[in-house]
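Q:
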Amino acid sequence: MEYTPHYNLTSFMKDLKTIVNYSKSKGFIFPSSEIYGGFSAIYDFGPLGTELKNNVKHLWWKEMVWENKNVVGLDSSIFMHPKIWEASGHVSGFSDPLVECQSCNTRIRVDHALEDQGVEADDKMTQEEITQLFEKHKAQITCPECKASSFTSPRQFNLLVKSNLGNFTEDMNKSPVYLRGETCQGIYVNFLNVLNSMRVKVPFGIAQIGKAFRNEVTARQFVFRTREFEQMEFQYFTHPKDDIEEYEKLKKERWNFWIKMGLSEKNLQWKRHPKLAFYAKDAYDIEYNYPIGWKELEGVHARGNYDLSQHDKFSEAKITYTDPVTKETFTPHVAEASSGVERAVFAILCEAYTHEELDNGESRIVMKFNKQLAPIKVAVLPLLSSNSDLVKKANEIFDTLRSKFMCQFDVTGSIGKRYRRQDEIGTPLCITIDFDTLKDNTVTIRDRDSMKQQRISVDKLESLLREELS
Ligand code: ATP
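Numbering (my numbering), first residue to last: 1 to 470.
(1) Listed by chain order, which residues have C-beta atoms less than 6 Å from any heavy atom of the ligand ATP?
(2) Where do the ends of the alpha helix (DSSP H) carrying K83 lie?
(3) Give the C-beta separation of G181 and H90 to the nearest angstrom, bearing in mind that I take them to be a contact with Cβ-Cβ under 8 Å.
(4) In or out: Y178 buried (at least 16 other Cβ within 10 Å) or exposed?
(5) Only counting the same chain, and skipping five residues up and downstream in sequence, which positions put a Cβ closer than 7 Å to that of I84?
(6) Relative to the alpha-carbon of S385, which residue among R199, E424, D285, T412 has its alpha-carbon at the smallest distance?
(7) Alpha carbon to alpha carbon, how far is D312 from I319? Give it in angstroms, no decimals.
(8) I need the DSSP call for E216, collapsed to helix, strand or coil.
(9) So is I35 buried or exposed if we call it buried at 16+ other beta carbons inside 10 Å?
(10) Under 8 Å, with one C-beta from each stretch per pair, do the region 93-106 and the region 132-146 reach the 3-pair mark?
(11) What's the C-alpha gap between R343 and L297?
(12) State the beta-bridge partners of N158 as determined by DSSP.
(13) Please list the terminal residues of the continuous alpha helix (DSSP H) segment that includes F435.
(14) By DSSP, does R383 sit in helix, in strand, or in coil?
(15) Give the range of the beta strand (DSSP E) segment to which P31 is assigned.
(16) Could you give the uninterrupted runs of the beta strand (DSSP E) lying entirely in the region 322-390, keeping only those of 3 residues or more?
(17) L74 by DSSP, collapsed to three states: which one?
(18) Does the separation of the CB atoms of K71 and F204 fall below 8 Å?
(19) Would V378 and A394 be called neighbours here (beta carbons separated by less than 8 Å)?
(20) When you compare only the Cα positions, how much space is there between I259 and E265?
(21) Please report how far the alpha carbon of K417 lies from the alpha carbon of V345, in whole angstroms.
(22) Taking all protein chains shown into account, do 16 or more other C-beta atoms lie within 10 angstroms of the C-beta of L114, making it buried, or fewer, making it exposed?
(23) How would you write the range of the alpha helix (DSSP H) that T131 sits in, first residue to last?
(24) Near S175, which residues of its chain fall below 8 Å by C-beta distance, leaving aside the five closest residues on each side in sequence?
(25) Look at the alpha carbon of C407 and the alpha carbon of P382, and state the distance between them as a whole number of angstroms.
(26) Please work out which residues of its chain come closer than 6 Å, Cβ to Cβ, to R446, disregarding the five sequence neighbours upstream and downstream, and give them in chain order.
(27) Using the DSSP secondary-structure output, state which residues sit across from S403 in a beta bridge.
(28) Please work out which residues of its chain come closer than 6 Å, Cβ to Cβ, to Y247, disregarding the five sequence neighbours upstream and downstream, and give them in chain order.
(29) If you draw a straight line from the C-alpha of K460 to the C-alpha of D116, how long is it?
(30) Can you find the residues in the same chain that come closer than 7 Å, C-beta to C-beta, to T152, ignoring five residues on each side of it along the sequence?
(31) What do you reckon, are the CB atoms on G49 and I19 nearer than 8 Å?
(32) Is it true that the CB of S77 sits closer than 8 Å to the CB of E233?
(33) Per DSSP, what kind of secondary structure is I244 in: helix, strand or coil?
(34) Would you mind sorting R448 into buried or exposed? The rule is 16 or more other CB atoms within 10 Å of its CB.
(35) Do I365 and D436 have their CB atoms nearer than 8 Å?
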């Protein structure tokens with residue numbers, strides 16, 4: 001039987017608590033170390049979350065690397081020479097301004113507390129500017145934990161996470177190494193290696209996906225702001241005269257990528273950085289309308305030649321490019337796109353979460369994932385668990401499909417309940433094996449969104465699934 005939803009409450013209860021509880025109960029995202037009381041601002045991805053995350057990364061990689069002739073991939077190490085972080089400016093300048101509540105010692109990011117009051121503060125402000133701004137508005141600011149309103153003066157807190165790798169002295173602070181604070185430094189320091197090994201010519205790009213670590217001060221923002229996360233970073237090296245044109249192209253491509261991932265235009269917006277770094281030519285963020293407000297999903301920046309020049313200065317290498325035709329030598333400029341995998345997954349979960357009232361008076365939760373992102377692509381369901389012939393036939397079909405599509409086999413409960421279960425995790429297609437299957441080798445395929453069902457021969461199943469899921 002076919003139900004047509006008569007209204008579609010996409011924003012039904014899409015608050016943070018609903019998404020957090022949903023993510024945990026359905027195996028997407030778990031709080032880290034929960035049996036030990038949790039571990040602040042760190043999360044684990046469950047079985048379905050891992051599939052979703054891998055699909056996001058795969059589609060990003062396909063778009064950036066496979067589909068571009070002049071882009072190559074990289075997988076640089078998490079640990080790098082500590083001097084890299086001096087050259088990049090992270091040792092001296094990668095910090096957030098913090099105040100401490102004098103009543104309960106909770107640490108609060110000054111820029112966030114000011115933003116909550118509608119006051120724009122950004123990470124390019126000097127210590128003096130941020131202190132002045134805080135002093136001006138502090139009467140309205142209260143501690144999110146105890147509601148007191150007495151704070152210490154702002155001070156800068158460095159976000160780099162230190163480690164003692166290879167350090168056998170007592171004091172780690174004497175010569176620390178860092179867990180990388182961003183993945184793009186691995187790209188810059190391999191610029192010459194890629195250039196010399198891959199026969200690439202400017203303009204060309206390097207893409208990388210990998211873990212990054214930051215000592216963030218966070219307050220209940222789920223996976224939006226964590227201390228360990230994955231970045232998807234793309235650096236496009238151009239001739240200085242072409243950088244803005246390439247940057248504008250990149251901006252369009254990145255916006256379109258998120259639309260293709262299923263995020264709706266109404267939930268996305270551009271935000272220009274209020275104050276640019278001294279070397280930057282332009283900088284915009286793509287923001288998503290999360291349950292915690294409009295927040296950065298991806299940064300797209302025209303960075304000039306700052307990064308390569310800094311490594312040229314701090315290292316032994318001469319980092320320039322000589323055009324093989326014109327023989328002109330220059331330091332390439334960079335157009336950068338940098339997004340977080342967890343922030344992407346969070347946005348995709350919020351966007352997909354849908355509550356529908358059906359014409360028959362029932363309702364359902366359905367995750368309307370883009371089909372390529374859905375963690376489970378196909379569910380194989382024998383109509384009755386008690387009939388061994390149906391279960392055997394369903395298993396045969398499952399075995400032929402499972403190496404080609406991410407499939408799930410489910411025999412528990414009524415068929416209606418099993419459809420709802422698959423809707424709740426966003427499985428695009430369900431295949432039901434019934435008594436007719438045993439007679440004529442046909443199955444029913446049910447579509448997640450329309451709930452329409454069609455009958456198809458098992459021989460045509462694979463090609464139909466490929467078509468439907470592409
Ligand atoms: P924010 O202003 O929100 O702290 P940022 O400007 O410091 O972010 P970038 O350094 O530009 O972020 O990092 C690029 C991308 O990496 C961000 O757009 C975001 O998607 C992701 N990202 C950065 N910090 C975190 C974090 N702590 N947790 C999860 N993702 C993050």
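Virtual Cβ for every residue (Gly too), placed ideally from N, Cα, C.
Model, not experiment: these values are computed from the prediction.
A: With the given structure in hand:
(1) E182, R214, E216, R225, T226, F229, Q231, E296, L297, E298, G299, S338, S339, G340, E342, R343
(2) That run of the alpha helix (DSSP H) goes 82-87.
(3) 5 Å
(4) buried
(5) Q185, V189
(6) Selected option, being the one with the closest Cα: T412.
(7) 5 Å
(8) coil
(9) exposed
(10) Yes, since at least three Cβ pairs between the region 93-106 and the region 132-146 fall closer than 8 Å, the two stretches touch.
(11) 6 Å
(12) S95
(13) Here the alpha helix (DSSP H) through F435 covers 435-440.
(14) Going by the sequence as given, residue 383 is Leu instead of Arg. In the structure shown, L383 sits in coil (DSSP, three-state: anything other than H, G, I, E or B).
(15) 29-31
(16) 333-340, 353-358, 363-367, 378-382, all fully within the region 322-390.
(17) strand
(18) In the sequence as presented, Lys is not what sits at residue 71; that position holds Val. Yes; because the gap between Cβ atoms is below 8 Å, this pair is in contact.
(19) no
(20) 7 Å
(21) 27 Å
(22) buried
(23) 127-137
(24) Here the set comprises P82, N167, T169.
(25) 14 Å
(26) C430, Q453
(27) For S403, which the question treats as bridged, DSSP gives no partner whatsoever.
(28) A302, A335
(29) 56 Å
(30) V99, E100, Q102
(31) Taking C-beta atoms as the reference points, G49 and I19 fail to come closer than 8 Å.
(32) no
(33) Looking at I244 - three-state DSSP - the assignment turns out to be helix.
(34) buried
(35) no
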